[in-house]
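Numbering (the working numbering), first residue to last: 2 to 46.
All remarks here apply to the structure that follows.
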């Protein structure tokens with residue numbers, strides 16, 4: 002029972018934080034895509 006109560010409290014607390022993903026500009030998105038290609042070896046170097 003205690004675990005259920007603690008889980009409910011944690012869920013309520015996290016829901017009240019109203020977390021959202023950060024907005025990313027198109028330029029930054031392209032920069033991140035280039036970095037991803039370099040890191041995964043898909044950059045045709």
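No residue lacks a Cβ here, since even glycine has one placed at the ideal position from N, Cα and C.
Tell me the rounded alpha-carbon separation between residue 36 and residue 19. 30 Å
If you draw a straight line from the alpha carbon of residue 28 to that of residue 3, how long is it in whole angstroms? 48 Å
Would you tell me roughly how many angstroms separate the C-alpha atoms of residue 8 and residue 34, rounded to the nearest one? 37 Å
Inter-residue spacing [alpha-carbon to alpha-carbon] between residue 10 and residue 42: 44 Å
In terms of residues, what are the limits of the alpha helix (DSSP H) holding residue 13? 3-17
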